[in-house]
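**Q** If you want the numbering used here, it's the 1-based position in the sequence shown plus 69. Just so you know, even glycine gets a beta-carbon here, dropped at the ideal spot from N, CA and C.
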Amino acid sequence: MHTSELNKRGLPEMPARAQAIELLLREEYGYLPPVPEALSFEVEENIVRNFCAGKAMLNKITAHCKLKGREFAFPFYATIPTKEGRYPFFIMINFRADVPDRYMPTEELIDNGFAVLSFCYQDVTSDDGDFTNGLAGVLYPDGTRPVDGAGKLAMWAWAAQRVMDYAERLPMLDLDRAVVCGHSRLGKTALLAAATDARFSIAYSNDSGCSGAALSRGKEGERVRDICNRFPYWFCENYLAYINREDAMPFDQHWLIGSIAPRPVLVGSASEDAWADPCSEMLACMAASSAYEREGVVGFLCQNRFAEVGEAYFEGTVGYHLRAGRHYFSREDWHRLIEFVRLKKG
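1. Using three-state DSSP, classify Gly365 as helix, strand or coil.
2. Would the region 251-266 and the region 322-338 be scored as touching if the rule is three or more Cβ pairs under 8 Å?
3. Run through the region 193-263 for me and flag every whole alpha helix (DSSP H) of 4 or more residues, listed as ranges in chain order.
4. DSSP has Pro150 in a bridge; who is on the other side?
5. Can you tell me which of the three DSSP states Gly415 falls into?
6. So the candidates are Lys77, Leu108, Phe398; which of them puts its Cα closest to the Cα of Gly256?
7. Just the C-alpha distance for Ala166 and Lys77, rounded to the nearest angstrom, thanks.
8. Which residues in the same chain as Pro105 place their Cβ atom closer than 6 Å to its Cβ, once the five residues preceding and following it in sequence are excluded?
9. Entirely within the region 279-303 and at least 4 residues each: give me those alpha helix (DSSP H) ranges in chain order.
10. Using the DSSP secondary-structure output, state which residues sit across from Thr131 in a beta bridge.
11. Quick one: grab the DSSP three-state call for Ser338.
12. My guess is that Val232 and Phe188 are in contact by the Cβ rule of under 8 Å, so how many angstroms apart are they, rounded?
13. Tell me, please, which residues DSSP counts as bridged to Gly385.
14. What is the rounded straight-line gap between the Cα of Gly290 and the Cα of Pro301?
15. Identify the residues that DSSP records as bridge partners of Met173: which are they?
16. Exposed or buried, Thr175, counting other C-beta atoms within 10 Å across all chains shown (16 or more means buried)?
Right, here's the structure in full:
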């Protein structure tokens, strides 16, 4: 079933990783901002007394960056178990700065043996067409950008990489189990962050759909025209040329997943999230397998049918799970992610 469905969609074969990333950046997301010329971190320790009943310390960190001779800063939060050890950790790109949050059950993650570093995406730059504030304003002081200039997704991915810069300074974190994750538009962001930065050892995309983990060719629900009409600022301006022209794209979204090879990727879907299209997300996992096989590892392993509700395919380096319900980063999703991380990096 899957092979015939993929053949119908006429997907372009993925080239070498560097070439695939170059094309994705130039034609879809825009080039990420450069590494900061200078970078420092201001730390406020233990900002909530007895956080998680004393099982973890919550610190607020402000990243101070210098780009193109201009200053830029954004806050993030580090929740780290107080018990001595080296902890796997999540870098969570979130919709809110709250710790914990409805998309981030912090105490449960601590109890499962993980640290969490999180930031609110809009503390980096606003989620709109204004390119004069935050990081966007540093990059484009007059609010205009070239046709291949960074869209907002690329800016948020860049911020996740700066959080990783901080994580590298902490001896209690296990850098071999660094997981970048996000939901919806921030699931797209997590995949992009991992594709462009090999320090992330695992990537997790939750319900990321169009222009994220779902194939564009033959997709149900949200299409390139829909996402570009509503959110053109997430992407570079070149991407708008593919509105109603998915079949003319020289790439598809399996390239984004495949660009993370040979590192593990997990894609999560929800059965009622037709806008994201779970079937196209699962097919993208399958199509990305060739990139993993070129790296000498197994890509996506599944039965020759689409997943049923509650099923997970974790046997390969690319994993997939489908839960009941709608567009949401749920407790069940977190438990699947924890299971996947333990299997791949146990």
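**A** In terms of the structure at hand:
1. coil
2. yes
3. 203-208, 221-236
4. Ala125
5. Since pLDDT at Gly415 reaches only 48, below the 50 mark, its modelled position is unreliable, and no value is offered.
6. Phe398
7. 43 Å
8. Cys134, Lys135, Leu136
9. 293-299
10. Glu111, Pro144
11. strand
12. 6 Å
13. The partner list for Gly385 (beta bridge, DSSP) is empty, contrary to what the question assumes.
14. 18 Å
15. Asp170
16. buried
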